[in-house]
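The sequence shown: position 186 = 183 (my numbering), numbered continuously.
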Amino acid sequence: MLEIRGAGQRFNEAGWALRDISLGVAPGERVALIGPSGAGKSTLLSWLNGSRFPTVGEIVVLGQSLHRLNTSRRRKVQRQIGTIYQQFHLINNLSVLHNVNAGRLGYWPLWKSILSLLVPVNVPHCRQLLDQVGIGEQIYKPLTQLSGGQQQRVAIARVLMQNPQIVLADEPVSSLDPERSRAIVDLLTQLCSDRGKTLVASLHTVDLAQKYFDRAIALKNGRLLFDKPMAAVTSQDLSQLYESQDQD
Ligand SMILES: Nc1ncnc2c1ncn2[C@@H]1O[C@H](COP(=O)(O)OP(=O)(O)O)[C@@H](O)[C@H]1O
Ligand SMILES: [Mg+2]
């Protein structure tokens, strides 16, 4: 489903933000990307959705090497990857309905995209997805009237509208309180499992990673510290991961 081959990222003279990263993710896996702030989690996820090319190495998504594709073929692969972000990346001035419909923009012709801004389109499908994330009654509200947890539910509904094979989530709950965080991770993992979607999520709370994910990929100082089944992660692994980054 996803493969990173010998990839590294250099942003500037300061050195490598990520280096020597190789890993593969099989269909239907639920992978937690863990590690301290600055370890390289967001950068790695940006490789996987094609929003950034690594300085060296190769990223293969659904059997296709992203940097070898022309723009239109790459867009086609990118439709199969949905991304959820920490700060939701929603459009504040628009309604919940419009934000969910934004998940289809990669598929719709321009006329339909423009029409969708003027009149409500696709309402039954949006409503169904919003019901599945527990906020069906909010469909016509402006996004700004929703709480943080509700906004992240809108972001999940938008990804369901996109209906990709792969879902990436970059710290999807780090701006939410612990109870809402648990509910969102529970919802996201359940929806992905039910629909057979491959999920890679970066999380800063290890307890949620351990409870809801099958595999842990741990990054520290831009390197892969371990990559193993979640059940095999020891407390020693975790203390090594989170002890000061600069001492090794
Ligand atoms: N656009 C950028 N330009 C320069 N340095 C960057 C950029 N993005 C990330 N970095 C650096 O790369 C490292 C990894 O960052 P990041 O992937 O955001 O880590 P994480 O998501 O684990 O907190 C950090 O040292 C960060 O400062
Ligand atoms: Mg990050």
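Positions of the beta carbon are idealized from the N, C-alpha and C atoms, including for glycine.
Taking 7 Å as the cut-off, one finds no heavy atom of ligand 2 near enough to the beta carbon of residue 92. Spatial neighbours of residue 113 in its own chain (CB-CB distance under 6 Å, excluding positions within 5 residues in sequence) are listed in chain order as 98. CA-to-CA, the gap between residue 188 and residue 170 works out to about 16 Å. Annotation for residue 217 indicates a beta carbon at 7 Å or more from all heavy atoms of ligand 2. Take the alpha-carbon of residue 130 and the one of residue 151: they are about 8 Å apart. The shortest CA-to-CA distance from residue 196 to any of 205, 185, 203 is the one to 185. Here DSSP, grouped into helix, strand and coil, assigns residue 108 to helix. For ligand 1, no non-hydrogen atom lies closer than 7 Å to the CB of residue 206.
In this structure, DSSP gives residue 96 a helical state, which the three-state scheme calls helix.
Not one heavy atom of ligand 2 is found less than 7 Å from the C-beta of residue 178. Here the distance from the Cβ of residue 167 to the nearest heavy atom of ligand 2 is below 7 Å.
Per the Cβ contact rule, the segment 76 to 84 is not in contact with the segment 11 to 31 (fewer than 3 Cβ pairs under 8 Å).
Between the alpha carbons of residue 41 and residue 177 lies a distance of about 26 Å. The beta-bridge partner set that DSSP reports for residue 224 consists of 214.
Residue pairing of residue 62 in beta bridges, as defined by DSSP: 57.
Boundaries of the beta strand (DSSP E) harbouring residue 19: 12 to 22, taken from the DSSP string. The Cβ atoms of residue 168 and residue 144 lie no closer than 8 Å to each other.
Going by beta carbons, residue 206 and residue 29 fall inside the 8 Å limit.
For residue 203 against residue 140, the beta-carbon gap comes to about 31 Å, at or over 8 Å, which does not count as contact. Contact between residue 54 and residue 5 holds: their C-beta atoms lie close to 6 Å from each other, under 8 Å. With 6 Å as the limit, the residues whose C-beta approaches a heavy atom of ligand 1 more closely than that are 8, 9, 14, 32, 34, 35, 36, 37, 38, 39, 40, in chain order.
Between residue 235 and residue 148, the gap from beta carbon to beta carbon reaches 8 Å or more. By the CB criterion at 8 Å, residue 45 and residue 15 fall outside the cutoff.
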